Amino acid sequence: MFSKYFKHIFSVIFFITVFLFWRLGYACAFSYHEQFQMFLFTKSYFLERMSLPGGLSDYISEFLVQFYYFPLFGSLIISGLLLVVQILSYQLMKCFSAKDFSFVLSFLPSILLWRYLGNESVLLSFVVSCIAALIFNLGYVRIKKNILKILYASLGVALFYYFFGAIAFSSVLFFIVYDLKEKNNIIISVLAVLCSVFSALICYNLMNYQLFRFFMGINYFRFPMEIPLMQIIIMFFLAVFPLSGLLEKKLNKKLSVSALVLIAFFGFFYVPGGFNELNYEVIEYDYLVRTGNWDKIISISQKKNPRTPQSVSCLNLALAAKGELGDKMFYFFQNGHEGLVPGFVRDYFLPLSASEIYLRLGMVNSAMRNLFEAQEAIPNYRKSARITKRLAELNLLNQNYEVAKKYLNMLSKTLFYKDFAKTTLENLANKKMLTENKFWASIDQNRYQKDFLFSDAEPDQMYGLLLAQNEKNRMACDYLIADVLLQKDLQKFINYYPLCQDAGYKVLPKHFQEALIYAYYKTHGNLSGIPPIVTTPVVNEFQQFMQIYSQNPQAIKNLTLENSFYAYFFNLK
Amino acid sequence: MKPIYIFLTLMLLIISCKERAKDVVLKDENPPIYPDYLSVTIPVNIAPMNFNVKGASVVEVDVKGSKSGKFSVNDDYADFPIEDWHKIVSENKGGVLTFDVKAKIDGQWYGFKPFEMYVSDYEINDWGVTYRRISPGYEVFGKMGLYQREIATFDEFPIIENTLIPGNCVNCHTPNACNPDSYTFHVRGANGATIVHHDNKTEILQSKSQTTGGSMVYPYWHPSGKYCAYSTNATRQSFHVVKEELIEVFDLESDVFVYCPDTKELILDSCLMTKENFETYPAFSPDGKTLYFCTSKAYEIPENYKKVQYNLCKTDFMDGKLSGKIDTVFDAVAINKSCTFAKPSYDGKYLMFTISDYGCFPIWHHEADLWLLDLQTGTARPLVEINSPDTESTHNWSTGSHWFAFVSRRENGLYSQLFFSCIDDHGKATKPFLLPQENPLEYYSNTTYSFNVPDFTTKKVDIDYHAVGKGLMKEERVVTKN
Chain R
7 MFSKYFKHIF
17 SVIFFITVFL
27 FWRLGYACAF
37 SYHEQFQMFL
47 FTKSYFLERM
57 SLPGGLSDYI
67 SEFLVQFYYF
77 PLFGSLIISG
87 LLLVVQILSY
97 QLMKCFSAKD
107 FSFVLSFLPS
117 ILLWRYLGNE
127 SVLLSFVVSC
137 IAALIFNLGY
147 VRIKKNILKI
157 LYASLGVALF
167 YYFFGAIAFS
177 SVLFFIVYDL
187 KEKNNIIISV
197 LAVLCSVFSA
207 LICYNLMNYQ
217 LFRFFMGINY
227 FRFPMEIPLM
237 QIIIMFFLAV
247 FPLSGLLEKK
257 LNKKLSVSAL
267 VLIAFFGFFY
277 VPGGFNELNY
287 EVIEYDYLVR
297 TGNWDKIISI
307 SQKKNPRTPQ
317 SVSCLNLALA
327 AKGELGDKMF
337 YFFQNGHEGL
347 VPGFVRDYFL
357 PLSASEIYLR
367 LGMVNSAMRN
377 LFEAQEAIPN
387 YRKSARITKR
397 LAELNLLNQN
407 YEVAKKYLNM
417 LSKTLFYKDF
427 AKTTLENLAN
437 KKMLTENKFW
447 ASIDQNRYQK
457 DFLFSDAEPD
467 QMYGLLLAQN
477 EKNRMACDYL
487 IADVLLQKDL
497 QKFINYYPLC
507 QDAGYKVLPK
517 HFQEALIYAY
527 YKTHGNLSGI
537 PPIVTTPVVN
547 EFQQFMQIYS
557 QNPQAIKNLT
567 LENSFYAYFF
577 NLK
Chain A
2 MKPIYIFLTL
12 MLLIISCKER
22 AKDVVLKDEN
32 PPIYPDYLSV
42 TIPVNIAPMN
52 FNVKGASVVE
62 VDVKGSKSGK
72 FSVNDDYADF
82 PIEDWHKIVS
92 ENKGGVLTFD
102 VKAKIDGQWY
112 GFKPFEMYVS
122 DYEINDWGVT
132 YRRISPGYEV
142 FGKMGLYQRE
152 IATFDEFPII
162 ENTLIPGNCV
172 NCHTPNACNP
182 DSYTFHVRGA
192 NGATIVHHDN
202 KTEILQSKSQ
212 TTGGSMVYPY
222 WHPSGKYCAY
232 STNATRQSFH
242 VVKEELIEVF
252 DLESDVFVYC
262 PDTKELILDS
272 CLMTKENFET
282 YPAFSPDGKT
292 LYFCTSKAYE
302 IPENYKKVQY
312 NLCKTDFMDG
322 KLSGKIDTVF
332 DAVAINKSCT
342 FAKPSYDGKY
352 LMFTISDYGC
362 FPIWHHEADL
372 WLLDLQTGTA
382 RPLVEINSPD
392 TESTHNWSTG
402 SHWFAFVSRR
412 ENGLYSQLFF
422 SCIDDHGKAT
432 KPFLLPQENP
442 LEYYSNTTYS
452 FNVPDFTTKK
462 VDIDYHAVGK
472 GLMKEERVVT
482 KN
């Protein structure tokens, strides 16, 4: 029924669908993956990967993931790999005398993998290993001579295990399935099972990893102590799905068409379920911070309020970068001062955007600490090119030229950071190189000049000390006042806001005016004599707010007054 | 033979042969080699002292012994064949090796002044060195572990890596006077514990004792092997804000006690567990009769972290009992310094320690230097022969007490590297040399690890790391007794 031509068309449609799905919906995911590795074109990097079972698939996948630096390439790579999985699946099913119906079913492994890749901790290494397993399975089917088959099932399996890891257990299960179906001598596939188990045990004895990881994969998933059920299901499915080709004879054309429609629907509803909305929210915000796309951050926040401390902090950073924090922060959901700079946690992701906030404030060492810790916390022990680049810059700023040189030398062995590294290395003799750049010069100017021990627990004091050393540090001023407003501490606000007189505000930001007028009202009981720094629209809005609030506080919620400091203060947001 | 095979063989030969030096321009200067091995003194059993010539694409080196032997190498870097190396070094014990280096830099061959390495009469009688490799970070640790490296080769083996116990940190493997039949190390993190291997048994001790109030942190074995002194430290970190400093590590409180592995008893003495003082870094003298430790007046921390300065003190230890009488061995406070990590040489002649401006964690102090106290004369001096403008610390002696290993941040101020030096009979140290690697420039450029607390080991540490890993993942721990 499905001609070869139509089959190609369906495959191309599948490729385009996957491509558009990632390109339009989840482009930020590529930055997320790319930033947690640093592929080096060095012998030692290759040997380090090859020192563990599954090392070749790690090496191949990390080679591919470096291209995620450009999201377009990322979409192409994922859609290309899933297409390869589909084609190989169909080739394998054809060995079970399959035709049309199998062609339809051959999309299933790709769809399962597609959904599974929605979990941001799934590594591309697993997909590469699945492809390797499908090819390996095809090889087993096509070998006819017994002696070759024995070699394939023994030495071949051992090598396959070492190069591609625990996916070998999926392959040996397939060997059993195939030999049973073909009524072959089962001893060869049993030999394959023994060889795979034996290989895993040898590796276990030689390496400092827990036993289960040799049977479930050392680097298919970013977290070492977790093996998702879905991974096991896919490994099992890859071994047994070719059997579905046996159903071919019992099915007619209509059923095949129905199956195609069903699978398309299944994919449509099933795949998005693998993508956790909240996780991708922070991934997107971090991506936008990384690329400095402040307008986009604000525009997506306007469509949908950010909900996590990390995404709220990214939004506030964007507002500060645009000079709008004091004017617009209460237009959005706020979650206390954690939404300004999230507290330090031992995580590999959260400190990344936090470091960007610290950096722009002028807290260079805190930025460095967060970056270094994030790198160390990467669960699969990789280094990060994004972090290494920033660390190189920060060490240049701190005049630790030898450390910067070390990081730059490493980056010069990458593909996409090499130009930056080489240019910087060539100019290393120019000690003022970094501070000749406007961005870095402002950070150098804003940073602490006198030493003390940093305290995460007293953020307002930390902002205040920045401001005390450079009264023109507008962002420190924004954060200082925003911090006390978020804490609803009007006394501190009154104490701190005079510090911001030289911070470069043409007009005192709206929310600061709101706090000022409310504090004044609380002290004086009326607005007579209110300082002229509070503008007439703010005075009018305050009067309107107080009038509505005194009658029906909940009515505020649907008015523009909802976007004021008062609404936040009275929990009406 | 088929033409394709002949072609491939020829290609292989061409590829494997490096270009020989020709039209050499002589320079009256030392070769720009990495690491700096110019005029260093080496032990006879050291691994090949391979080096790179900075900027060179091909290097040709002629090695000649003052007593006998010579050979040449020609490669991307000076990569000495291990057998030729050991032969020439052993033939020239007490003599000199001369290295004549030619290097092709930017397409031109240059010849440099020959340089020398001195082969010491003193051997390192140990099999290898142990160390911790860890990124020089703050609070979080990625992949790290304890490793052992054979001195005569480039072979490195893990003792234990935290991949077995993800999220945990393994601290400082400490054998008994370099003999790994008894060793101890501490594991920090959710699966924290103190590992004690003694009498062919490995025990996983409860990380924190109610009596001591903290973990068993810095250990030192009594030469009899019957006891092991530990300090217990409530350690915290804070972070500087200026470019010159990064991290400050300090103790909120610390005490010293002795553990008896046979009975699981803790030997406590109020003189080493005072409230008004911090006591830390215990070390037994080689005869076992003296327990050295560092002590400072206790201050409110972190406000007064710069006031904390440690003196080196001692107390008597006899028949499993501490005398309670404290003597000052080195008054660092009198010179406005802080003394830590005191390690006596096994021949009883010296005490080596780290001197910094203040505090108990000198690895983050650029000014930290090694000092040597002559126990016969009572005089102490900075080891100017080996110190650099940056940090030197965490040293240990070889069993012969001539060679010692230490770490230094001299190369870049952040990543600690392992150096060796030798003390002669007059107490003078030789120019230190960096732990050899097969391709040193590639290794040290690419590594993201610091070497930490090196020590010598008389033989390969025999550890069932899987059993230790499994034990750590369980909740059961051996409880110590008072």
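Protein chains in written order, with the working numbering: chain R, 7 to 579; chain A, 2 to 483. Ideal placement from N, C-alpha and C gives every residue a C-beta, glycine not left out. All figures in this text were calculated on a predicted structure; none of them were measured in a lab.
Which of helix, strand or coil DSSP assigns to residue i
| i | result |
| --- | --- |
| R:V196 | helix |
| A:T185 | strand |
| R:T542 | helix |
| A:D252 | strand |
| A:D456 | strand |
| R:Y423 | coil |
| A:R484 | Shown here, chain A extends from 2 to 483; a query on residue 484 of chain A therefore has no answer. |
| A:R134 | strand |
| A:N126 | coil |
| R:F42 | coil |
| R:P77 | helix |
| R:H530 | helix |
| A:K322 | strand |
| R:T430 | helix |
| R:R55 | helix |
Chain-order list of residues whose beta-carbon lies under 7 Å from that of residue i (same chain, five-residue window excluded)
| i | result |
| --- | --- |
| R:L491 | F499, H517, A521 and F571 |
| A:D29 | K114 |
| R:F643 | No information on residue 643 of chain R is available, as it lies outside the stretch 7 to 579 that chain R covers here. |
| R:D450 | L403 and T441 |
Identity of the residue in the options nearest residue i by Cα
| i | options | result |
| --- | --- | --- |
| A:E245 | R:F45, R:N501 and R:L403 | R:L403 |
| R:K411 | A:H427, A:F407, A:T448 and A:L436 | A:T448 |
| A:L565 | A:P345, A:D263 and A:T378 | No statement about residue 565 of chain A is possible, as the shown extent of chain A runs from 2 to 483 and does not include it. |
| R:N587 | R:I149, R:N476 and R:S461 | Examination of residue 587 of chain R is not possible in this model, given that chain R is present from 7 through 579 alone. |
| A:R21 | A:E61, A:T400 and A:F362 | A:E61 |
| R:L346 | R:I384, R:N211, R:P465 and R:E40 | R:P465 |
| A:N65 | A:I125, A:N177, A:M118 and A:V26 | Going by the sequence as given, residue 65 of chain A is Lys instead of Asn. Considering only alpha carbons, the answer is A:M118. |
| A:K429 | A:V462, A:A381, A:K202 and A:G470 | A:A381 |
| R:H39 | R:G60, R:L70, R:E379 and R:K49 | R:L70 |
| R:I487 | R:Q92, R:F21 and R:L331 | R:L331 |
| R:Y168 | R:K187, R:R55, R:L119 and R:M236 | R:R55 |
| A:C170 | A:H187, A:A178, A:V479 and A:C179 | A:H187 |
| A:E277 | A:A284, A:D288, A:I302 and A:L267 | A:I302 |
| R:R396 | R:R375, R:N386 and R:I384 | R:R375 |
| A:N180 | A:K55, A:K461, A:F285 and A:D63 | A:K461 |
| A:A48 | A:G112, A:V130 and A:G56 | A:V130 |
Residue-level contact to chain D via CB, residue i, 7 Å cutoff
| i | result |
| --- | --- |
| R:K528 | Any reference to chain D falls outside this structure, whose protein chains are R and A. |
6 Å CB neighbourhood of residue i in its chain, flanking five on each side removed
| i | result |
| --- | --- |
| A:K308 | Y300 |
| A:L436 | L419 |
| A:P159 | G146 and Y148 |
8 Å Cβ shell around residue i - same chain, five flanking residues per side excluded
| i | result |
| --- | --- |
| R:M369 | R453, Y454, F460, M468 and L472 |
| A:G143 | S136 |
Those runs of the alpha helix (DSSP H) which lie wholly inside the region 477-515 of chain R and span at least 4 residues: 480-492 and 496-502
Whole beta strand (DSSP E) elements within the region 31-112 of chain A, 3-residue minimum: 57-66, 71-76, 97-106 and 109-112
Runs of alpha helix (DSSP H) lying entirely within the region 318-342 of chain R, each at least 4 residues, in chain order: 331-334
Validate contact between the region 81-89 of chain A and the region 28-43 of chain A using beta carbons, cut 8 Å, 3 pairs: no
Stretch pair the region 414-422 of chain A + the region 98-117 of chain A: three plus CB contacts closer than 8 Å: no
Within the region 178-229 of chain R, ranges of the alpha helix (DSSP H) (whole runs, at least 4 residues): 192-212 and 217-222
Segments assigned alpha helix (DSSP H), at least 4 residues, entirely inside the region 241-303 of chain R: 259-276 and 283-296
At least 3 beta-carbon pairs within less than 8 Å: the region 307-325 of chain R vs the region 265-277 of chain R: no
Contained beta strand (DSSP E) runs [length at least 3] in the region 370-410 of chain A, N- to C-terminal order: 370-375, 381-383, 393-398 and 404-409
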